[in-house]
Structure formats: C-alpha cells, structure tokens
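Sequence positions in the sequence shown follow full-length UniProt numbering and run 1 to 119. The C-beta atom is built at its ideal place from N, Cα and C for all residues, glycine as well. Note that the structure is predicted; figures quoted are calculated from it, not measured. To start, the structure under review is shown below, and the notes come after it.
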Amino acid sequence: MAKVLIVDDAKFMRMTLSNILKKANCEVVGEGENGKEAIELYQALKPDIVTLDITMPVMNGIEAIKTIKQIDPKAKVIMCSAMGQQKMVVEAIEAGAIDFIVKPFDESRVMEAIARALM
Numbered sequence: 001m002a003k004v005l006i007v008d009d010a011k012f013m014r015m016t017l018s019n020i021l022k023k024a025n026c027e028v029v030g031e032g033e034n035g036k037e038a039i040e041l042y043q044a045l046k047p048d049i050v051t052l053d054i055t056m057p058v059m060n061g062i063e064a065i066k067t068i069k070q071i072d073p074k075a076k077v078i079m080c081s082a083m084g085q086q087k088m089v090v091e092a093i094e095a096g097a098i099d100f101i102v103k104p105f106d107e108s109r110v111m112e113a114i115a116r117a118l119m
C-alpha cells in the first residue's frame, strides 16, 4: 500500500483527493496546507508519493518540490493545479515532478498518475 502525503491549501481538495486515493488502495499518511509544511511532513513521514498543489500561501509548490528533491532526489511528486497554468506545469516538471493532475480531479486520471508513480 502506497503512503501518500497530500499538500493543498484547500481542505476540500485534500478531502476529495484523499477519498480517491483510498479507493486506489493508498494510505494518506499526512496532509499539509503549504509548501513549508510539505517539506517538514516529507522529512517526518517519508511518504512514497507527494501530491503538491502549485499555488499555495507561505511557499508555493514549485519552491517546495525543489527543496524536497534536494533532500531526496528519488522523491516522487505529483503536481496538482487548476487549468491554465501551463507555464507552471513546465516549471514543475523541470523541478522533478513525475506527473501532473488538473483540478477538478478526475478519478481515473489520479489513479493513473499514482500507478505511474509506483512503477
């Protein structure tokens, strides 16, 4: 069972993603609201996968993924974002994201991204 850390500033989005991940037989080991929390929780929980929103307060997802990748170059991070943030997507992939899912979440797309991350 894959351990997943969900980081998104919107509680509703974390809840939605958490429900999809549980159906995909994943264990949600933690939730964070910003990039700073993402880094702290990553170090504390050592999840198999991190889902990271791009636009968040305190520290955004791009800054967070760069730091997480410095801590653990093998970290598996899936970026989440609203439509129309193509430039940010490219930045996220360059920073080391393994996949990208768009909000509102499509259940089959989320499961596909998780399966790809676990390969």
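Report the three-state DSSP secondary structure of T55 (helix, strand or coil). coil
Cβ-based neighbour list, A44, same chain, cut-off 6 Å, excluding 5 preceding and 5 following: Here the set comprises nothing.
Through-space distance from I20 to I31, alpha-carbon basis: The amino acid occupying residue 31 in the given sequence is Glu; Ile does not appear at that position. In a straight line, the C-alpha of E31 is about 14 Å away from that of I20.
Using the three-state DSSP reduction, which class does F105 fall into: helix, strand or coil? In the three-state reduction of the DSSP assignment, F105 falls in the coil class, being assigned neither a helical nor a strand state.
Residue range of the unbroken alpha helix (DSSP H) whose run includes G61: 61-71
Comparing C-alpha positions only, which one of E112, K69, V29 sits nearest to R14? V29
Return the residue from the list K74, A75, A92, P73 that minimises the CA-CA distance to S81. For S81, the closest alpha carbon among the candidates K74, A75, A92, P73 is that of A92.
Around the C-beta of N60, are 16 or more other C-beta atoms found within 10 angstroms, so that it is buried, or is it exposed? buried
With a threshold of 7 Å on Cβ separation, who are the neighbours of C26 within its own chain once the five nearest residues in sequence on each side are excluded? M1, A2, V4, I114
Could you pull out every residue in the same chain whose Cβ sits closer than 7 Å to the Cβ of residue 123, ignoring the five residues on either side in sequence? Residue 123 lies beyond the residue range present for the chain, which begins at 1 and ends at 119; the question has no answer from this structure.
Of the choices M111, P57, K11, K22, whose alpha-carbon is the least far from that of I78? M111
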